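Following: one structure in structure tokens, then a few remarks.
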Amino acid sequence: MLTTYKDWSVDLNNTFGRNNFHYFIKNTLNATLVENSPTEFDAGGHQLIQNTTSVDFSKYFNEKTYGFNVALGLEHRLDKYKIFSVKKPLMLLTM
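Per the numbering used here, residue 43 is the first one in the sequence shown, and the count goes up by one each step.
This is the structure:
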């Protein structure tokens, strides 16, 4: 949102983003397990959530300073990262 307040330009904004990757493995073979090898399984994944909020102020002084600009701003960012594993453990080879 871009607006003005007492001759100052004010920009307030917020950005939100999210992505999620979940890996499902198919048509694979563990050579160590041979015929006991699972050919499909859930390999887990990861997720990222990000939210950024900022406010910026600027003012252009043209009269006595011959084109002087002042700008300042604040920003807050929140990141959440999650790695998730499979619900059922993969089959392990025991000797």
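Ideal Cβ positions, reconstructed from N, Cα and C, are used throughout, including at glycine.
Here the structure is a predicted model, which means the values were calculated and not measured.
Contact set for residue i: own chain, Cβ-Cβ below 6 Å, skip 5 residues either direction
{"i": "THR136", "result": "Summary for THR136: the model assigns pLDDT 46, below 50, so the residue's position carries little reliability; its value from the coordinates is reported in the next sentence. Answer for THR136: no residue qualifies."}
{"i": "LEU120", "result": "ASN93"}
Close beta carbons around residue i, own chain, < 7 Å, minus the five adjacent residues each side
{"i": "TYR102", "result": "ASN111"}
{"i": "ASN72", "result": "SER79"}
{"i": "THR70", "result": "THR81"}
Opening and closing residue of the beta strand (DSSP E) in which residue i lies
{"i": "GLY87", "result": "83–103"}
{"i": "SER1", "result": "This structure does not reach residue 1, given that the chain is present from 43 up to 137, and the question cannot be answered."}
Neighbourhood of residue i by C-beta distance below 8 Å, restricted to the same chain and skipping five residues each side
{"i": "HIS118", "result": "THR94, THR95, SER96"}
{"i": "LYS68", "result": "THR81, GLU82"}
{"i": "VAL128", "result": "PHE83, ASP84, ALA85, GLY86"}
Nearest candidate by alpha-carbon position, reference residue i, set the options
{"i": "THR46", "options": "ASN62, PHE99, LEU114", "result": "PHE99"}
{"i": "GLY59", "options": "PHE66, TRP50, GLN89, GLU77", "result": "GLN89"}
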